[in-house]
Amino acid sequence: MVSVAYVFSHRSTRFMYFHILPLTETPDSAKKKISGEKKISGSHDRDVALAEVEKEKRESFIKAWEESEKTKAENKAQKKLSAVAAWENSKKASLEAKLKKIEEQLERKKAEYAEKMKNKVALVHKEAEEKRAMVEARRGEDVLKAEEIAAKYRATGTTPKKLLGCF
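1 is the number of the first residue of the sequence shown in full-length UniProt numbering; add one for each residue after it.
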């Protein structure tokens with residue numbers, strides 16, 4: 001009859017060793033045999049485990065480097081996007097200020113032209129008043145002259161030569 005002994009590595013449970021022991025061997029001799037193989041396989045297991053640790057360390061370092069580079073790229077992109085946004089806001093503010101300045105200039109010009117037009121309207125009104133006054137004065141003079149001439153004709157008893165200008 002054959003018995004099977006299972007021996008696991010103390011560093012890693014990934015490796016499993018099977019030792020098939022004949023029934024003729026005593027358990028003590030089997031233990032010695034297994035422990036001897038264990039020493040040989042233990043050195044091998046240690047090398048494999050160290051290699052595995054080195055590999056994990058390298059992978060961890062690579063992953064950390066990759067994350068660092070990604071973070072740098074993200075930060076750089078965010079910084080540039082912030083700079084672009086700041087530039088855009090600056091340009092917008094500049095253009096809005098320029099537009100406001102132009103609007104103010106237009107408002108001033110509009111007010112100036114409105115003032116000029118009001119002055120022209122006032123000047124026309126003044127000239128019209130002067131012309132009305134002249135017409136009224138002329139009419140008053142003509143009425144006085146007509147009254148004086150009529151008084152003269154009455155005093156002399158003569159009649160005017162022209163009765164009406166249209167006959």
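Every residue, glycine too, gets a C-beta built ideally from N, C-alpha and C.
If you scan the stretch 125-162 from start to end, which runs of the beta strand (DSSP E) of 3 or more residues do you find wholly inside it?
-> none
Which value, in whole angstroms, describes the spacing of the CA atoms of Lys-57 and Glu-67?
-> Looking up residue 57 in the sequence shown gives position 57. Looking up residue 67 in the sequence shown gives position 67. Cα to Cα, Lys-57 sits roughly 15 Å from Glu-67.
Near Pro-160, what residues of its chain come up, given a Cβ to Cβ distance below 7 Å and the 5 sequence neighbours on each side ignored?
-> For the purposes of this step, residue 160 is taken as residue 160 along the sequence shown, with counting starting at 1. Cβ within range, chain order: Tyr-153.
Buried or exposed for Asp-45, please, with buried defined as at least 16 other CB atoms from any protein chain shown within 10 angstroms of its CB.
-> Within the sequence shown, numbered from 1, the residue matching residue 45 stands at position 45. Per the 10 Å Cβ criterion, buried.
Do you know offhand how far Ala-111's Cα is from Ala-73's?
-> Against the sequence shown, residue 111 aligns to sequence position 111. Against the sequence shown, residue 73 aligns to sequence position 73. Distance between the alpha carbons of Ala-111 and Ala-73: 56 Å.
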